[in-house]
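In terms of our numbering, the sequence shown opens at residue 144 and continues consecutively.
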Amino acid sequence: MKIDCHVHLVAMSQASGCRVSRRLRFFLRFLGVRGARTPEEFDRLYVEKLAAEVCASELDRVVLLALDRVHGEDGAPDDGRTDLFVSNDHAHSVVRRHRDVFLFGASVHPYRADALDELDRVASMGACLVKLLPNSQGFDPAAPRLRSYWRRLAELGMPALVHGGFEHTLGVIDQSFGDPAQLEPALDEGATVIVAHAGTAGLMHRRETLGAFLALLAKYPRCYGDTSALGNAWRAHYLRLLLDPDLLERRFGVRIDDAAKRLVHGSDHPIPITPLAFAGRIPLEKLRRVGRLENPLQKDVQLKRAAGLPDAALTRAYDEIGIGKPSAIIQEHTPGLSAT
Ligand SMILES: [Zn+2]
Numbered sequence: 144m145k146i147d148c149h150v151h152l153v154a155m156s157q158a159s160g161c162r163v164s165r166r167l168r169f170f171l172r173f174l175g176v177r178g179a180r181t182p183e184e185f186d187r188l189y190v191e192k193l194a195a196e197v198c199a200s201e202l203d204r205v206v207l208l209a210l211d212r213v214h215g216e217d218g219a220p221d222d223g224r225t226d227l228f229v230s231n232d233h234a235h236s237v238v239r240r241h242r243d244v245f246l247f248g249a250s251v252h253p254y255r256a257d258a259l260d261e262l263d264r265v266a267s268m269g270a271c272l273v274k275l276l277p278n279s280q281g282f283d284p285a286a287p288r289l290r291s292y293w294r295r296l297a298e299l300g301m302p303a304l305v306h307g308g309f310e311h312t313l314g315v316i317d318q319s320f321g322d323p324a325q326l327e328p329a330l331d332e333g334a335t336v337i338v339a340h341a342g343t344a345g346l347m348h349r350r351e352t353l354g355a356f357l358a359l360l361a362k363y364p365r366c367y368g369d370t371s372a373l374g375n376a377w378r379a380h381y382l383r384l385l386l387d388p389d390l391l392e393r394r395f396g397v398r399i400d401d402a403a404k405r406l407v408h409g410s411d412h413p414i415p416i417t418p419l420a421f422a423g424r425i426p427l428e429k430l431r432r433v434g435r436l437e438n439p440l441q442k443d444v445q446l447k448r449a450a451g452l453p454d455a456a457l458t459r460a461y462d463e464i465g466i467g468k469p470s471a472i473i474q475e476h477t478p479g480l481s482a483t
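Shown next, in the form of structure tokens:
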């Protein structure tokens with residue numbers, strides 16, 4: 144099964160119970176849906192367009208991501224510092240209506256007082272992973288208080304998809320929380336961790352975080368990276384690096400013979416793709432063909448393929464990590480869940 148494991152859900156209407164800050168609304172105007180006259184219409188069109196794009200692509204499923212609010216150390220939600228909040232219930236209801244194209248990616252802030260119960264709840268609702276964005280959600284993945292959280296994820300067999308590197312879209316509380324090295328305790332507790340963007344820093348940062356991700360790959364077999372946003376101008380230069388073990392060793396001092404074997408496909412939709420940024424790395428004719436594609440999900444697949452990423456990245460989430468496979472937990476707790 145071909146899966147895009149990193150697609151964002153966005154919802155603007157009051158009825159959705161979600162939240163998009165004014166700053167992000169401005170940004171979203173240039174991405175995704177155009178022509179929506181009301182927030183309700185935006186929500187409907189965003190989902191319908193995406194579902195149609197999955198159908199028209201070679202992908203079998205995309206993981207549609209919730210995103211939990213910022214929470215303070217006391218466990219209280221902090222709406223003032225939250226740019227994007229997509230609730231688990233909303234994401235789940237959208238996925239249930241389009242089970243043929245979407246998988247449920249939940250999000251549970253580890254500081255929530257009910258974090259462990261919420262992990263159990265989303266697992267019983269069929270979540271295939273838990274998405275976290277430490278830089279913007281405001282927590283340090285290495286904080287000792289998170290040990291039980293990571294352990295519960297390991298027990299549930301639910302992978303964590305965790306942002307790695309610097310965050311460029313949402314408001315940031317602390318960029319150092321995105322350092323892949325902070326994920327060691329999660330892996331020590333036995334959780335499967337997919338480091339988003341393969342832990343790459345992005346352009347114009349003095350500190351490169353890719354080396355820390357490679358060190359995790361070398362040490363933990365349950366660590367993976369996703370290719371999300373590697374088709375964007377900010378991160379376009381990394382794909383070539385990830386496919387060249389000698390170059391990786393020279394730059395970061397870590398020998399990974401086939402880093403691509405630990406990568407799973409993700410787009411980071413609706414973050415835009417910039418084929419032009421691959422000029423000089425992909426033959427021009429191929430690049431033009433990709434650039435002409437209108438379906439952003441398919442365009443992302445073909446751009447990475449043209450850049451040399453093996454197709455196994457498309458099926459690895461299912462084949463190796465089990466994302467999209469029916470879960471024993473769902474059957475145990477919610478026998479009627481498939482009756483939609
Ligand atoms: Zn993302």
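C-beta atoms are modelled at their ideal positions from N, C-alpha and C, and glycine is treated no differently.
Note that the C-beta distance between residue 147 and residue 412 is below 9 Å. Under the three-state reduction of DSSP, residue 149 is assigned to strand. Taking all protein chains in view, the Cβ of residue 269 is crowded by 16 or more other Cβ atoms within 10 Å, so the residue is classified as buried. Taking C-alpha positions only, residue 399 is separated from residue 341 by approximately 13 Å. For residue 169, the number of other beta carbons within 10 angstroms of its own is below 16, and it is reported as exposed.
Note that the segment 147-162 touches the segment 186-197; at least 3 beta-carbon pairs, one per stretch, sit closer than 8 Å. From the listed residues 255, 326, 319, 452, the smallest Cα separation to residue 363 is found for 326. The segment 385-405 makes no contact with the segment 416-429; the number of CB pairs closer than 8 Å stays below 3. For residue 366, the uninterrupted beta strand (DSSP E) run begins and ends at 366-369, by DSSP.
Here the alpha carbons of residue 252 and residue 211 stand approximately 6 Å from one another. Here the segment 237-247 does not lie against the segment 305-321, with fewer than 3 beta-carbon pairs under 8 Å apart.
For residue 467, no beta strand (DSSP E) encloses it, and the DSSP letter there is neither H nor E. Taking residue 256 as reference, the option from 204, 377, 451, 216 with the minimal CA-CA separation is 216.
Of the residues assessed, residue 250 falls on the buried side of the cut-off, its CB having 16 or more other CB atoms within 10 angstroms.
A heavy atom of ligand 1 is found nearer than 8 Å to the CB of residue 414. Contact between the segment 389-396 and the segment 352-360 is present: 3 or more CB-CB pairs across the two stretches fall below 8 Å. For the pair residue 323 and residue 338, the CB atoms are nearer than the 9 Å cut-off. Residue 306 has 339 as its beta-bridge partners, per DSSP.
Taking the Cα of residue 377 as reference, the smallest distance to any Cα among 391, 369, 417 is reached at 417.
Residue 401 and residue 452 have their alpha carbons spaced roughly 11 Å apart.
Around the beta carbon of residue 287, fewer than 16 other beta carbons sit within 10 angstroms, so the residue counts as exposed. Here residue 368 is not near residue 309, since their CB atoms are 9 Å or more apart.
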